[in-house]
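Student: For reference, the structure I am asking about is given below.
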Amino acid sequence: MSLRRFGRITAALAATTLTVGALGACSAERAGGDTQDDGDDSTMVGIAMPTRSLERWNNDGAHLEELLQDAGYETSLQYADNKTEQQITQLQNMINEGADILVVASIDGTTLGPVLQTAAENDVTVIAYDRLINETENVDYYATFDNELVGTLQGEFIVEELGLDEGEEGPFTLEPFAGSPDDNNARFFFKGAWDVLSPYVESGVLEVPSGKAPASVDEWTSIGIQGWESADAQSEMENRLNSFYEGDEKVDVVLSPNDSLALGIEQALEGAGYEPGEDWPIITGQDADEANTKNILADKQSMTVWKDTRTLGDQVATMIDQIVAGEEVEVNDTETYDNGVKVVPSFLLEPQVVTKDDVEEVLVGSGFYEASDLGL
Ligand code: BGC
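Below, the structure is given as structure tokens:
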């Protein structure tokens, strides 16, 4: 079902594949011809990543940096320890050092307006990486995975595993979680999943003993975990289990938007005496982090939505080449990502469900992991 839906989306996107010349000749010339006063002829790309504490951002940064350096670009890769002020300072420094292009995976997508105004005044082209940058006109392109589809895949996985689409009536107990309230992606993930699951919550097939079921998608931040912290997800899950599950009452399903939350939730379950293969609930995730992939193999996590971050880096490198060459930049979505000031031309990539059955074929087969990384 999920794949069918994605098939329709890709077909629709393919039919409307667009190119956007929004950069304008001026910035293109600047990037390629280096009219900015940074002392040499190479194009300088600043890469701002949110934190080293999550595996994926280390992979994202290293891959993009390597691709760009191999292609002859000068790069400056910075991590901001999940601190917005630090990221703003890093961006300001990159502009001061003569960056021609900024690639930004924002921490809080609403706080970068002033520094990106400075970027615009210096004719710097800005690409939002993975997370949209909001409330500013000074973001030129957005490259990401289809964020809502990530959530849809998680919701549909739960429906299929429980057999709800075949009339199973449960009731099953569910505990939903959402991502960091300051991350623009987190709402999309929750919306995708909640659109699939909320009809079953309303009909009583899915029960939420903790009561932490947002009344609508717009209230998703009420169950958000700030900074996507594993430890906070763990204590939230511990609280829910201690306060709302009595006697032999068990949680059947946990909707976790990503792997860092899933990891904390899995630790809470372990601490509460749940056993894989016995009473362990269905748990979703996203990113295929190494620890979570091992947990999938150990029956402690049911699935992850894998976003091959190498393809995201490849796409951004292609965008940069097109910008520098003064060509039109290829995008495939000009409707979905309204940042409050404008709809940002976007390139959306395809996420993919991975379960225990396909870890080896998909994650090892694609070279994302070595078999030995996973103890296979
Ligand atoms: C990314 C996810 C990631 C999360 C936490 C989101 O913006 O899209 O892949 O798990 O941030 O870093």
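Numbering (mature numbering (1 follows the signal peptide of the UniProt record, and there is no 0)), first residue to last: -22 to -1, 1 to 354. Beta carbons are placed, not taken as given, at the ideal position from N, Cα and C, and that holds for glycine. Nothing here was measured: the structure is a model prediction, and the numbers come from that model.
1) Where does residue 30 land, buried or exposed, given buried means 16+ other C-beta within 10 angstroms?
2) I'd like to know whether the C-beta atoms of residue 27 and residue 58 end up nearer to each other than 9 Å.
3) If I measure Cβ to Cβ from residue 250 and keep anything under 6 Å in the same chain, skipping five residues before and after, which residues do I get?
4) What residue ranges within the segment 172 to 238 form continuous beta strand (DSSP E) runs of no fewer than 3 residues, ordered along the chain?
5) Comparing C-alpha positions only, which one of 337, 279, 307, 298 sits nearest to residue 53?
6) Could you name the residues of the same chain whose beta carbon sits closer than 8 Å to that of residue 89, not counting the 5 residues immediately before and after it, in chain order?
7) What ranges does the alpha helix (DSSP H) occupy inside the segment 52 to 106, keeping only unbroken runs of at least 4 residues that lie completely in it?
8) Spell out the partners DSSP gives residue 151 in its beta bridges.
9) Does any heavy atom of the ligand BGC sit closer than 8 Å to the C-beta of residue 160?
10) In the DSSP assignment, what residue or residues form a beta bridge with residue 365?
11) Does DSSP classify residue 21 as helix, strand or coil?
12) Examine the ligand BGC and report whether any of its heavy atoms sits within less than 8 Å of the Cβ of residue 125.
13) Check whether the Cβ of residue 157 sits closer than 8 Å to any heavy atom of the ligand BGC, and report yes or no.
14) Looking at residue 191: is its Cβ nearer than 9 Å to the Cβ of residue 179?
15) Any idea what DSSP makes of residue 279, helix, strand or coil?
16) Got a sec? Which residues, its chain only, sit under 8 Å from residue 157 by beta carbon, not counting five neighbours each side?
17) In the DSSP assignment, the beta strand (DSSP E) including residue 121 goes from what residue to what residue?
18) In whole angstroms, what separates the C-alpha of residue 230 from that of residue 185?
19) Using 8 Å as the cut-off, classify the Cβ of residue 32 as near or not near the heavy atoms of the ligand MG, replying yes or no.
20) With burial defined as no fewer than 16 other Cβ atoms inside 10 Å of the residue's Cβ, what is the status of residue 11: buried or exposed?
21) Is the Cβ of residue 332 closer than 9 Å to any Cβ of chain D?
22) Sort out for me which residues DSSP pairs residue 27 with in a bridge.
23) Between the beta-carbon of residue 344 and the beta-carbon of residue 286, is there less than 9 Å?
24) Enumerate in chain order the residues of its own chain whose CB-to-CB distance from residue 246 is below 7 Å, with the five nearest sequence positions on each side excluded.
25) Starting from residue 44, trace the beta strand (DSSP E) in both directions and tell me its first and last residue.
Tutor: Reading it off the structure:
1) The residue in question, residue 30, is exposed, as its Cβ has fewer than 16 Cβ neighbours within 10 Å.
2) Yes. Within cutoff.
3) For residue 250, where only same-chain residues beyond five positions count, the Cβ hits under 6 Å are 219.
4) Fully enclosed beta strand (DSSP E) runs of 3 or longer: 231 to 233.
5) It is 298.
6) Excluding positions up to five away in sequence, the list reads 62, 66.
7) You should have 62 to 74, 91 to 99.
8) DSSP output for residue 151 lists 185 as bridge partner(s).
9) Not so, every heavy atom of the ligand BGC lies at least 8 Å from the Cβ.
10) One cannot answer for residue 365 here, as it falls past the ends of the chain, which runs -22 to 354.
11) Correct three-state label for residue 21: coil.
12) Closer than 8 Å to some heavy atom of the ligand BGC: that describes the Cβ of residue 125.
13) Yes, Cβ of residue 157 sits closer than 8 Å to a heavy atom of the ligand BGC.
14) Yes; because the gap between Cβ atoms is below 9 Å, this pair is in contact.
15) If DSSP states are grouped into helix, strand and coil, residue 279 belongs with coil.
16) Cβ-Cβ distances below 8 Å link residue 157 to 163, 164, 167, 168, 202, 203, 206, 235, 236, 239 in the same chain, with the five nearest sequence neighbours on each side left out; the list follows chain order.
17) In this chain, the beta strand (DSSP E) harbouring residue 121 covers 119 to 123.
18) Taking the Cα positions, residue 230 is about 10 Å away from residue 185.
19) Inclusion of the ligand MG in the displayed structure is not the case, the ligand content consisting of the ligand BGC alone.
20) Note that residue 11 has pLDDT 37, beneath the 50 cutoff, so the model's placement of it is unreliable and the number below is only indicative. When all chains shown are included, residue 11 counts as exposed.
21) Considering every chain present, this structure includes no chain D. It has just one protein chain.
22) Residue 27 pairs with 57.
23) Yes, the Cβ-Cβ distance between residue 344 and residue 286 is below 9 Å.
24) Contacts found: 212, 215, 216, 219.
25) Not the beta strand (DSSP E): residue 44 falls in the alpha helix (DSSP H), residues 33 to 48.
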